[in-house]
Structure formats: structure tokens, C-alpha cells
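Its first residue numbered 625, the sequence shown is counted upward by one per residue in mature numbering (1 follows the signal peptide of the UniProt record, and there is no 0).
Written below as C-alpha cells is the structure these notes are about.
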Amino acid sequence: LTLENRLRRALERQEFELYYQPQVDIASGDFIGLEAMLRWNDPDEGPVEPDVFIPVAEDSGLIVPIGAWVLRTACAQAEAWRSKHLIDVPMAVNLSARQFDEASLLDIVADVLEDTGLPADRLELELTESLIMRNPELTADVLDGAKRLGVMIGVDDFGTGYSSLAYLKRFPIDRLKIDRSFIADIETEPDDAAIAETIIAMAHTLRIQVLAEGVETVGQLRMLRGWACDAYQGYLCSRPLPADDMNALLKGLR
Ligand code: G
Ligand code: G
Ligand code: NA
Ligand code: MN
Numbered sequence: 625l626t627l628e629n630r631l632r633r634a635l636e637r638q639e640f641e642l643y644y645q646p647q648v649d650i651a652s653g654d655f656i657g658l659e660a661m662l663r664w665n666d667p668d669e670g671p672v673e674p675d676v677f678i679p680v681a682e683d684s685g686l687i688v689p690i691g692a693w694v695l696r697t698a699c700a701q702a703e704a705w706r707s708k709h710l711i712d713v714p715m716a717v718n719l720s721a722r723q724f725d726e727a728s729l730l731d732i733v734a735d736v737l738e739d740t741g742l743p744a745d746r747l748e749l750e751l752t753e754s755l756i757m758r759n760p761e762l763t764a765d766v767l768d769g770a771k772r773l774g775v776m777i778g779v780d781d782f783g784t785g786y787s788s789l790a791y792l793k794r795f796p797i798d799r800l801k802i803d804r805s806f807i808a809d810i811e812t813e814p815d816d817a818a819i820a821e822t823i824i825a826m827a828h829t830l831r832i833q834v835l836a837e838g839v840e841t842v843g844q845l846r847m848l849r850g851w852a853c854d855a856y857q858g859y860l861c862s863r864p865l866p867a868d869d870m871n872a873l874l875k876g877l878r
């Protein structure tokens, strides 16, 4: 069976699962968001890495129905935690270019919000910098439509593409996530530190919030705090967790 056919079967058999990683306010330590991450445990072959199966899902177009499942499951989970008063923050969901290009994307988002009862401002759509810059006209239309619905927009993997922040400012972007490749060595590479510091300062000038990805050490966190970075995500706080484990973590925080 090809990977594509296994993915098709995985969708039918509901073999996908979402893990959740907290996003942390650097000043207060509070959780200010959660990101949903797609996982696949093939019952025959075991766990398959997202970096292996997501590109195949994208090339085959299967990411469109899989992505709709992600959106619905993440929003339902966010609303469940909200209604149990465990956490009330935006749930970030990753979107692929193939989903972004579907004319029905905003209808799907609106339907999911209505069906799950999640308020629109508790959903954040995460788009990569390269997706946003691929077709700026289409991007502007879709993002304006998303903002009319009231959802948040985040730019993922910032720094790996070719946009200038000034250009990004044309789009209704709520926040940037600095790619973890720029964060990894800020303690030892002055150039990386300068890039991260400059991205944060420039984004703030444009009134865009900044989250640093892949924070693993207290030293990194201290430097980011010194640069007034708003938030971080990373193993220092928590790995992405299955829903049950996140539920237990949230209960422990109450
Ligand atoms: O989740 P990490 O744990 O391994 O994710 C690997 C890659 O897969 C990242 O680039 C991440 O953005 C992407 N990814 C994770 N979940 C989803 C998802 O639900 N949809 C899409 N399109 N990409 C995802
Ligand atoms: O493309 P995106 O930024 O959505 O992907 C996030 C990826 O980074 C996921 O694979 C996620 O599991 C991973 N990740 C999250 N936190 C850390 C971290 O602190 N260190 C490393 N190395 N990877 C992380
Ligand atoms: Na992401
Ligand atoms: Mn990223």
C-alpha cells in the first residue's frame, strides 16, 4: 500500500490524533494559547512522523479533508476546555497552502465555529511566511475574509522566507512566530541573537506581537525577555501533549 493510500485509509479509520503545545506569556508565565499538532499512529506500522506524511497529504490533496478534521477537532477541544473553565485562550491550527487555495476554506471555518460553539477570536489560523508571500492578492482576500469572521491570524516559521516585515504589515496579521532555527543558537551566535532581537523590535514598531518558537533553555528565555518578546513555545515549558495529558496539566494549574 502506498503512503497516500494508507493516509486515505487513516482518515476513514480515524487514526489521526491531535497533540497540543502551550504558548506562554514571557512576562507573566501564563498560558496565552495552544497549538494543535497533527499526529498519526498507523496501527500496522506505528507512529509516522508529520514531516513524512504531511508532505504526502499535501501533494495528494488529502490535506484538505484531513485539515478540515484538524480544524473541527481542535475547535471542539478548545470549546470543551473553555466550558470546563480549564483554559480560555486561542487554539492555533496550522493551514497548508492546499487548504488556503480552496474556495470553501472560510465556509468550513465558519461552519466549524458555529457547530462547536467556539468564539471566533479563540481560533488562530497559522500560515507559514512562504504561503503568505506566494500569492499576495489571494492572501489579502482570504485574510480579510478571515478577519471579518473574527479569527486570529499568525505567521508561522517567520524568518525562513523572503518577506519584509513592512510588506507583511499590509496583511491583517495578529502575530509572528520566529522560526526555531533562529532561536536555537541565540546564546552562542551573536548573529542569530541580533536577528531575533531585530525581528522583535521591528514587529513591535508595527504593533505585531511576537512568539519565539523552540525555546528549550532558561538562558534563551532570559534573552528573549530582555528583548521584550511577548511569548514563547517550546520544550522548556512542554512538549506537544496528547489531549488527556494536556487536560491533566491544565487541571494541575487551576
Ligand atoms: O508537529 P511537529 O511536531 O513535528 O510538526 C511538523 C510539521 O508539521 C510542522 O511544520 C508543523 O507546522 C506541521 N503540522 C503539524 N500539524 C499540522 C496540521 O494540522 N496541518 C498542517 N498543515 N501542518 C501541520
Ligand atoms: O512548523 P511548526 O512551527 O508548526 O512546527 C513546530 C515543530 O517544532 C513541531 O514539530 C514541534 O513538535 C516542534 N517543537 C516544538 N517545540 C520545540 C522545541 O522546543 N524544540 C524543538 N527542537 N522542536 C520543537
Ligand atoms: Na505551526
Ligand atoms: Mn513554526
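We treat Cβ as the ideally placed atom computed from N, Cα and C, and that holds for glycine.
| Asked | Found |
| --- | --- |
| Where does N718 fall in DSSP's three states? | strand |
| Which of the three DSSP states, helix, strand or coil, is assigned to R663? | strand |
| L751: which of K801, T740, V713 and A704 sits nearest, CA to CA? | K801 |
| Skipping 5 residues on each side, what residues in its chain have a beta carbon closer than 6 Å to that of G785? | E753, S754 and M757 |
| Which word fits Q638, buried or exposed, when buried means at least 16 other C-beta atoms lie within 10 angstroms of its C-beta? | exposed |
| Can you check DSSP and say which residues form a bridge with G859? | A quick correction: the sequence has Tyr, not Gly, at residue 859. Per DSSP, none; premise fails for Y859. |
| Round the Cβ separation of L848 and A867 to the nearest angstrom and send it over; I've been treating them as touching at under 8 Å. | Wrong, their Cβ atoms sit about 28 Å apart, outside the cutoff. |
| What does DSSP give as the partner residues of F782 in its beta bridges? | I802 |
| By Cβ distance, which residues of its chain are closer than 6 Å to N718, with the 5 residues on each side in sequence left out? | E750 |
| Is it the case that the segment 663 to 683 contacts the segment 704 to 714, given that we only count it when at least three CB pairs across the two stretches are under 8 Å? | no |
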